[in-house]
Amino acid sequence: MFQALRKSKSFSSESRNIKHRRRISNLILWIILTVLIVDSIYTSESQGQGQVLKVEIRVTNDRIGEIDPKIYGHFIEHLGRCIYGGIWVGENSKIPNLRGLRLDVLNAVKAISPPIIRWPGGCFADGYHWKDGIGPKNKRPVRPNPAWGGIESNQFGTDEFIDFCREVGAEAYITVNVGSGSPQEAAEWVEYCNGDLNTTYGRLRAEYGHTEPYGVKYWGIGNELYGSWEIGHMDADTYARKVIEFAEAMRKVDSSIKIIAVGWFWGGSEGEYWNRKVLEVAGDHIDYLSLHTYCWKPGYTDYFAIVNYPINVEYELKKTVNLINSVLKNKPGKQIKIALDEWGVWYENATDGLSQSVRLCDGLMAAGMFHVFHRLCNNVTIANFAQLVNALPAIVTSDRGEMYVNPIYLAFKLYRHNTGKIALKTLTKGVSINILDVSATIDEEGNFLYLAVINKDPDRMANATIILKDFKPKSVCKESQLNGPDIFSKNDFKSPDVVKITTKYVTLNVSNGVFTYAFEPHSVTILTLENINSTVPLTSEFEETTPSTTSPTTGETPVFQEMSLIIAGAIILIALTIFLIIRVRKPLL
Numbered sequence: 006m007f008q009a010l011r012k013s014k015s016f017s018s019e020s021r022n023i024k025h026r027r028r029i030s031n032l033i034l035w036i037i038l039t040v041l042i043v044d045s046i047y048t049s050e051s052q053g054q055g056q057v058l059k060v061e062i063r064v065t066n067d068r069i070g071e072i073d074p075k076i077y078g079h080f081i082e083h084l085g086r087c088i089y090g091g092i093w094v095g096e097n098s099k100i101p102n103l104r105g106l107r108l109d110v111l112n113a114v115k116a117i118s119p120p121i122i123r124w125p126g127g128c129f130a131d132g133y134h135w136k137d138g139i140g141p142k143n144k145r146p147v148r149p150n151p152a153w154g155g156i157e158s159n160q161f162g163t164d165e166f167i168d169f170c171r172e173v174g175a176e177a178y179i180t181v182n183v184g185s186g187s188p189q190e191a192a193e194w195v196e197y198c199n200g201d202l203n204t205t206y207g208r209l210r211a212e213y214g215h216t217e218p219y220g221v222k223y224w225g226i227g228n229e230l231y232g233s234w235e236i237g238h239m240d241a242d243t244y245a246r247k248v249i250e251f252a253e254a255m256r257k258v259d260s261s262i263k264i265i266a267v268g269w270f271w272g273g274s275e276g277e278y279w280n281r282k283v284l285e286v287a288g289d290h291i292d293y294l295s296l297h298t299y300c301w302k303p304g305y306t307d308y309f310a311i312v313n314y315p316i317n318v319e320y321e322l323k324k325t326v327n328l329i330n331s332v333l334k335n336k337p338g339k340q341i342k343i344a345l346d347e348w349g350v351w352y353e354n355a356t357d358g359l360s361q362s363v364r365l366c367d368g369l370m371a372a373g374m375f376h377v378f379h380r381l382c383n384n385v386t387i388a389n390f391a392q393l394v395n396a397l398p399a400i401v402t403s404d405r406g407e408m409y410v411n412p413i414y415l416a417f418k419l420y421r422h423n424t425g426k427i428a429l430k431t432l433t434k435g436v437s438i439n440i441l442d443v444s445a446t447i448d449e450e451g452n453f454l455y456l457a458v459i460n461k462d463p464d465r466m467a468n469a470t471i472i473l474k475d476f477k478p479k480s481v482c483k484e485s486q487l488n489g490p491d492i493f494s495k496n497d498f499k500s501p502d503v504v505k506i507t508t509k510y511v512t513l514n515v516s517n518g519v520f521t522y523a524f525e526p527h528s529v530t531i532l533t534l535e536n537i538n539s540t541v542p543l544t545s546e547f548e549e550t551t552p553s554t555t556s557p558t559t560g561e562t563p564v565f566q567e568m569s570l571i572i573a574g575a576i577i578l579i580a581l582t583i584f585l586i587i588r589v590r591k592p593l594l
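Position one of the sequence shown corresponds to residue 6 (the numbering used here), numbered consecutively onward.
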């Protein structure tokens, strides 16, 4: 019996120990489960639904080079309603105009300060004879448009183009006719523009009311002559020899002009052969190689194909840079830069006049192209968007006198007024360039650093930790943002401000050159950071402003969400732990 009692007590003690161990095990399991639940809640909020991207952006003090402002250039051609009804309405039009130049367009173009404008084409250039477009307008011949069909009135010619450039503050870039023209015709055009009163065509210009030379510096030798669609299409060997003939004739008139030769982009092995032949044969006579690229007929709703198109362009541009360098390696001191003098987006649904609807995603694409030009600033020094008005447009007009600007125009406005001259190297961690594209620039004096961030993610905010090397900003920062309600938002005559630029001033919490900032989905944002030692005032370039704020823009929403989740998780964990400790002496169910 005693042994039975001992066994019974021993069994009871062992049973209690087993139950105690079970309680402790259950307590540990409950704690682990609570942690997993809180973590899953946080993960689903921050990643599962795509609300917040966490990234790191480092802005170094390593200089890539100087950005040539001519990368923000434009292109106009006698195509559709680009010139007639867009740039030009004539002096007798009911639409307000200045010497025939459409006034609303003129003012809109002035607002983006184009540094250079290319004309008259494009394919039109290789069928255009410039003498048709000078002199009294009632004596100018009316001819068929040789490239695009329809009628060319020749009411807008050289003098009107120069007038337009001067009104908007742009340099003129003229493409001469190689396809159906001659070196002599091109040389006479240079003389008409740049010759003094002692020259035949300089006197003719003066007779038509323009005494002072125009001083046109940039001259293109034809357009896309590698293409079967081009008037005067020719092979690479023939074109290379033509370049020499034209360049020599034109420089006899004005030795200071810059010559731009036709190059072939996206041409594969044929394009490489063409470019190499032009560089090897005519390289000593040229200053630029012209390249053209369009985001060519992508699916109208293929968002990522559109916004990531600049990544492909950058890859191909680097290949062309390497080719130029390989050809010039034995010619010290000789430089040939790239003029990307036609670029844009061309959709399948573009009409005969190449009118098309441009959306926010196209504005993001344009911003991405600017970032490419910044990174390749030592090689790409001219770029011209195709086209300025109505055809694949930046600006859209109606014959009723209406006008609106689209997101590509707004991208030009954003960067033209918020970019420094010096491009800096940046490093981005946590996300690829397919989602976040960053460019940093600084002015020559070091007063302002401009951090441009394209958040291509259609849904997620990018919460960035930004680290500045050797730049100490003041606490007040200017945020300029291009955005709209969704990725396919667009402006039109009835709703011209759906996509717009907004500007606000925010206060940063900066510590040792580090701060956080939240970048909205499907947006282009430029932060203008002022050096702590700067005495230059930080001002806005835009009318579309929002009230100043004194709260840090890490984005109240993501920060609040993150803190709320952490606090909620901690409360749940503490409550469960207390509950389980109290219950530890009692059997757990």
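Glycine included, each C-beta is placed from N, C-alpha and C at the ideal position.
Own chain residues within Cβ distance below 7 Å of residue i, not counting five before or after
i      : result
Gly276 : Trp269 and Phe270
Tyr213 : Ile139, Gly140 and Asp164
Arg465 : Gly55, Gln56, Val57, Leu58 and Pro526
Lys324 : none
Gly560 : Low confidence applies here, because Gly560 scores a pLDDT of 38, under 50, leaving its location unreliable and the question unanswered by this model.
Asp404 : Gly90
Gln361 : Tyr352, Asn354, Ala355 and Leu397
Host alpha helix (DSSP H) of residue i (start-end)
i      : result
Gly368 : Leu365 to Arg380
Met255 : Ala241 to Val258
Tyr308 : Tyr308 to Val312
Leu209 : Thr205 to Glu212
Val114 : Leu108 to Ala116
Gly276 : Gly273 to Ala287
Ile100 : Counting along the chain, Ile100 falls outside any alpha helix (DSSP H), and DSSP gives it neither H nor E.
Exposed unless 16 or more other CB atoms sit within 10 angstroms - verdict on residue i
i      : result
Gly154 : exposed
Gly162 : buried
Asp357 : exposed
Lys461 : buried
Asp201 : exposed
Gly425 : buried
Pro149 : exposed
Asp73  : buried
Asp367 : buried
Ile262 : buried
Tyr320 : exposed
Glu601 : In this structure the chain extends from 6 to 594, so residue 601 is not present and cannot be described.
Arg104 : exposed
Asp475 : exposed
Asn384 : buried
Endpoints, beta strand (DSSP E) assigned at residue i
i      : result
Lys529 : For the record, residue 529 in the displayed sequence is Val; it is not Lys. Unbroken beta strand (DSSP E) run through Val529: Ser528 to Asn536.
Glu484 : Pro478 to Asn488
Lys342 : Lys342 to Trp351
Cys300 : Tyr293 to Trp301
Val401 : Ile400 to Thr402
Gly91  : No beta strand (DSSP E) holds Gly91; DSSP gives it neither H nor E.
Arg145 : Premise fails: Arg145 is in no beta strand (DSSP E) and is neither H nor E.
Asn389 : Val385 to Ala391
Ile122 : Ile121 to Trp124
Nonlocal neighbours in the same chain, by C-beta distance under 8 Å from residue i, ignoring five residues either side
i      : result
Gly237 : Asp131, Val183, Gly184, Ser185, Gly227 and Leu230
Gly435 : Leu58, Lys59, Val60 and Glu61
Lys115 : Glu172, Val173 and Gly174
Phe80  : Ile122, Arg123, Trp124, Gly127, Asp346, Glu347, Asn389, Phe390, Ala391, Gln392 and Leu393
Gly220 : Cys198 and Asn199
Residues near residue i in its chain [Cβ-Cβ closer than 6 Å; skip 5 each side]
i      : result
Tyr299 : Gly349 and Trp351
Arg281 : none
Val504 : Leu365, Pro412, Gly489, Ser494 and Asn496
Ile121 : Lys75, Gly78, Ala175, Glu176 and Tyr178
Val258 : Ala192, Val195 and Glu196
Ser528 : Asn460, Gln486 and Asn488
Which residues DSSP lists as bridging residue i, in chain order
i      : result
Asp442 : Ile459
Ala469 : Val60 and Tyr522
Trp224 : Ile179 and Ile264
Tyr409 : Val401
Val541 : Bridge partners of Val541: none, in fact.
Ile68  : Reading off the sequence shown, one finds Arg at residue 68, where the question assumed Ile. DSSP output for Arg68 lists Leu429 as bridge partner(s).
Val394 : Ile400
Minimum Cβ-Cβ distance from residue i to chain D less than 7 Å
i      : result
Lys495 : Among the chains of the structure shown, chain D does not appear; only one protein chain is present.
Any non-hydrogen atom of the ligand FMN within 6 Å of residue i CB
i     : result
Pro74 : Ligands displayed in this structure: none; no statement on the ligand FMN is therefore possible.
**OP:** Evaluate the contact criterion for the region 57-69 versus the region 368-378: three or more CB pairs, one atom per stretch, below 8 Å.
**Re:** With a cut-off of 8 Å on Cβ pairs, the region 57-69 is not in contact with the region 368-378, counting fewer than three such pairs.
Original post:
Counting pairs of Cβ atoms below 8 Å between the region 282-293 and the region 245-253, do you hit three or more?
Top reply: The region 282-293, when compared against the region 245-253, does touch it at the 8 Å Cβ threshold.
**OP:** Decide if the region 119-134 is in contact with the region 81-92; the criterion is three or more beta carbon pairs, one per stretch, under 8 Å apart.
**Re:** As far as the Cβ criterion goes, the region 119-134 touches the region 81-92, which means the pair count is three or higher.
**OP:** Report yes or no: do three or more beta-carbon pairs, one from the region 500-520 and one from the region 438-453, lie closer than 8 Å?
**Re:** Counting Cβ pairs under 8 Å, fewer than three are found: no touch.
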